[in-house]
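**Q** Residue numbers (full-length UniProt numbering): 1 to 388. Positions of the beta carbon are idealized from the N, C-alpha and C atoms, including for glycine. If you're wondering where the values come from, they're calculated on a predicted model, not measured in any experiment. Handing you this structure, nothing more for now.
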Amino acid sequence: MSAYLNALGLICALGRGQAEVSRNLFAGDCSGMRAESGWVPERVLPVGGVQGELARIPVELGQQSSRNNQLLLEAALQIEDEIRQAIHTYGTSRVGVVLGTSTSGIDEASRGIAEYLRDNHFPGTYDYQQQELSAPANFLADWLQLSGPAYVISTACTSSARALMSARRLLDLGLCDAVICGGVDSLCKLTLNGFSALEAVSDTRCNPFSRNRDGINIGEAAVLFLMSRQPAPIALLGSGASCDAHHISAPEPSGKGALQAMRKALASAKLMPEQIGYLNLHGTATQHNDAMESLAVASLFPAGVTCSSTKPMSGHTLGAAGALEAAFCWLSLRHGQVPPHVWDGEADPVLPALQWARVGEPLEKNCLMSNSFAFGGNNVSLIIGEAP
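So this is what it looks like as C-alpha cells:
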C-alpha cells in the first residue's frame, strides 16, 4: 500500500519553511552553523540553532510549554491547512501522530531542577510533563484535539526515521487514514555535554568523510509530514531497519548492520541499487561512523551513487535527523537537485571513494535513499521517491 507524503513543514538551521530551506540547502550554505559559548564549559562550539522568535504555545496548553514544542508548532503551522483538511475529511479519531525525539523538554527540566537545588523550589513555569518523551505527540494531539493514536519513538538518532516507518504501518493496518509524522529535537546542554564527554564534538564545522574529520556538530529541528493514502506526487516507497547491537555507542565497524538496513529498504520498495539517484548519508563526521558507512555504501553500490552528508549545513539534529534528511530528499524531488557534500575535499585514503554531490548537480533518478544510524547499533534506511 502506498504511503503518500502529502505535505511538509520544517524548521532548522537552514531556515523556516520549504522555500528558505531549499534555497540554502542546494546552495551548500553553512551560515546557519554558528560558533557559540555557554553550552559546554570552556568551549566554543558550532551549533545549528534556529534563530529568532518562535511561535507561542497557546495559553490553554501553557503547561506543555517548551522550546521543543515551540519548534514543533512552527512546523505544524506551515501545513496547518492540510492537517485541518485531513481532520475534516477523516475525523479526529482517524488521524494519528507519530514523532521521534531524544530531548523532549529536558532543557526546561534541567533548568527547573537547577533552581530547585539552589532555592529549594521549582520555578512557576516547571511541569514534569515537559520532559516526558511522549510530550511532543501529546502536545500536537491536544492542540489539534485528536483522539487517534499519538505516540513518540525514541531510539536516539533513528527516532524520526522510525516514526515514518511506524506511521506507514498505521495506514497499512487500517488504524488511521492520515498520520502526522516526523520528529523534533532542540539544543540543550544535556546532549551537548554528553557528546562532549564522549569526545565526539568538533570545535570546528564538521567535516564528514574527510581525513581531517574530528566529530559532530549538534543542531535542532522540527519536521512534520502529513502521510496518507491520498495520492500525491511523492511517497515513502520503502524502509528497512536492523539492530546489530555491537556497542552502546560505537557502530559495528564492518557496516554490516547499515548494509542490512539499506538492503531491506530496497527490497521493501522493490528496487535495485542502480535505481537510486541520490543517497543522503548519516555522515556524522566521527571516525567510526564515516568509516563503517563508507564500507557499507561501497558494498551496496559498487558502480557508485551520488551522495552527501548534509550535517555541515544543519548540524546533527539527533531525534529529528531521520525526518529532516528524508525532508531534504522530498525537497530534492520537488526541485530536481541534490544537496551538495560540503567538506574540505581531503578524502580519507583508508576509506572507499564515494561519489560526492556538487552544488547545482541535478537529480537524475527519482528514487532517493536516506540513512540514519543510532547508538546501540540501531539502523534505518528510508526510500523516498516519485509516487507510483
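1. Quick one: what does DSSP say Y128 is sitting in, helix, strand or coil?
2. Taking H246 as the reference, which of G315, E53 and G376 has the closest Cα?
3. Between which two residues does the beta strand (DSSP E) carrying L5 extend?
4. Looking at G183 and the ligand ADP, is the gap between the Cβ and the nearest heavy atom below 8 Å?
5. Run the CB neighbour count on E220, radius 10 Å, all protein chains shown included, and call it buried at 16 or more, exposed below.
6. On the CB-based measure, 16 or more other CB atoms within 10 Å of its CB, does S37 come out buried or exposed?
7. Just mark D172 as buried or exposed, buried being the case when its beta carbon has 16 or more other beta carbons within 10 Å.
8. Out of E115, A374, L226 and A55, point me to the one whose CA is closest to E293's CA.
9. When the Cα atoms are used, what is the spatial distance from A327 to D119?
10. Using the three-state DSSP reduction, which class does E386 fall into: helix, strand or coil?
11. I want to know whether the stretch 125 to 134 touches the stretch 28 to 44 - three or more CB-CB distances under 8 Å.
12. What's the gap between the Cα of Y278 and the Cα of T306?
13. Would you call the CB atoms of S156 and L318 closer than 9 Å?
14. At the level of alpha carbons, what is the spacing between P340 and R358?
15. Are there three or more Cβ pairs, one per stretch, closer than 8 Å when the stretch 9 to 27 is compared with the stretch 309 to 325?
16. What's the C-alpha gap between E115 and D185?
17. First and last residue of the alpha helix (DSSP H) that includes S196?
18. Which residue marks the beginning of the beta strand (DSSP E) containing N371, and which one marks its end?
19. Go through the stretch 99 to 153 residue by residue and report every complete run of the beta strand (DSSP E) that reaches 3 residues or more, in order.
20. Is the distance from the Cβ of L190 to the Cβ of I79 below 9 Å?
21. Using a Cβ-Cβ cutoff of less than 7 Å, which residues in the same chain neighbour F301 once the five nearest sequence positions on both sides are dropped?
22. Smallest Cα separation from K365: which of G345, L333 and N378?
23. Helix, strand or coil for T306? Go by DSSP, reduced to three states.
24. What's the call for A303, buried or exposed, on a 16-neighbour Cβ count within 10 Å?
25. Quick check: the Cα distance between E386 and A323, rounded to an integer number of angstroms?
26. Spatial neighbours of L140 within its chain, please: CB distance less than 6 Å, with the 5 preceding and 5 following residues excluded, ordered by chain position.
27. Less than 6 Å between C-beta atoms, sequence neighbours within five positions excluded: which residues of the same chain meet that for D177?
**A** Considering the structure as presented:
1. As a position in the sequence shown, residue 128 is number 128, starting the count at 1. In this structure, Y128 counts as helix in the three-state DSSP scheme.
2. Against the sequence shown, residue 246 aligns to sequence position 246. Per the Cα distances, G376.
3. On the sequence shown, position 5 is the one that residue 5 refers to. L5 -> beta strand (DSSP E) spans A3 to C12.
4. This structure lacks the ligand ADP; in fact it carries no ligand of any kind.
5. Against the sequence shown, residue 220 aligns to sequence position 220. Label assigned to E220: buried.
6. Position 37 of the sequence shown, counting from 1, holds the residue named residue 37. Flag for S37 reads exposed.
7. Counted from its first residue, the sequence shown places residue 172 at position 172. With fewer than 16 other Cβ atoms within 10 Å, it is exposed.
8. In the sequence shown, counting from the first residue as 1, residue 293 sits at position 293. It is A374.
9. As a working mapping, residue 327 is identified with position 327 in the sequence shown. As a working mapping, residue 119 is identified with position 119 in the sequence shown. Going by the C-alpha atoms only, they are around 44 Å apart.
10. Numbered from its first residue, the sequence shown carries residue 386 at position 386. Residue state, collapsed to three classes: strand.
11. Verdict: no, contact absent.
12. Taking the first residue of the sequence shown as position 1, residue 278 is located at position 278. Taking the first residue of the sequence shown as position 1, residue 306 is located at position 306. Computed Cα separation, rounded: 5 Å.
13. In the sequence shown, residue 156 corresponds to position 156, counting from 1. In the sequence shown, residue 318 corresponds to position 318, counting from 1. This sequence places Ala at residue 156; Ser is not what is there. Going by C-beta atoms, A156 is nearer than 9 Å to L318.
14. For this step, residue 340 is matched to residue 340 along the sequence shown. For this step, residue 358 is matched to residue 358 along the sequence shown. Going by C-alpha positions, P340 is about 5 Å away from R358.
15. yes
16. Indexing the sequence shown from 1 puts residue 115 at position 115. Indexing the sequence shown from 1 puts residue 185 at position 185. Each residue's alpha carbon lies about 23 Å from the other.
17. Residue mapping note: residue 196 aligns to position 196 of the sequence shown, counting from 1. Run containing S196: K189 to A197, per the alpha helix (DSSP H) assignment.
18. Numbered from its first residue, the sequence shown carries residue 371 at position 371. N371 -> beta strand (DSSP E) spans C367 to A374.
19. Unbroken beta strand (DSSP E) stretches of 3 residues or longer found wholly inside the stretch 99 to 153: 150 to 153, given in chain order.
20. For this step, residue 190 is matched to residue 190 along the sequence shown. For this step, residue 79 is matched to residue 79 along the sequence shown. Not in contact: L190 and I79 (Cβ atoms no closer than 9 Å).
21. Translated into the one-based positions of the sequence shown, residue 301 becomes position 301. Excluding sequence neighbours, F301 sits near P273.
22. Sequence index remark: in the sequence shown, residue 365 carries index 365 (1-based). When only C-alpha atoms are compared, the closest one is L333.
23. Position 306 of the sequence shown holds residue 306. The answer is strand: DSSP assigns T306 an E or B state.
24. Here residue 303 refers to the residue found at position 303 when the sequence shown is read from its first residue. With fewer than 16 Cβ atoms within 10 Å of its Cβ, A303 is classed as exposed.
25. Looking up residue 386 in the sequence shown gives position 386. Looking up residue 323 in the sequence shown gives position 323. Rounded to whole angstroms, E386 to A323 spans 17 Å at the Cα level.
26. What you label residue 140 is simply residue 140 of the sequence shown in a count that begins at 1. So the list reads V97, once near-sequence residues are dropped.
27. The residue labelled residue 177 in the question sits at position 177 within the sequence shown. Hits under 6 Å: Y90 and R94.
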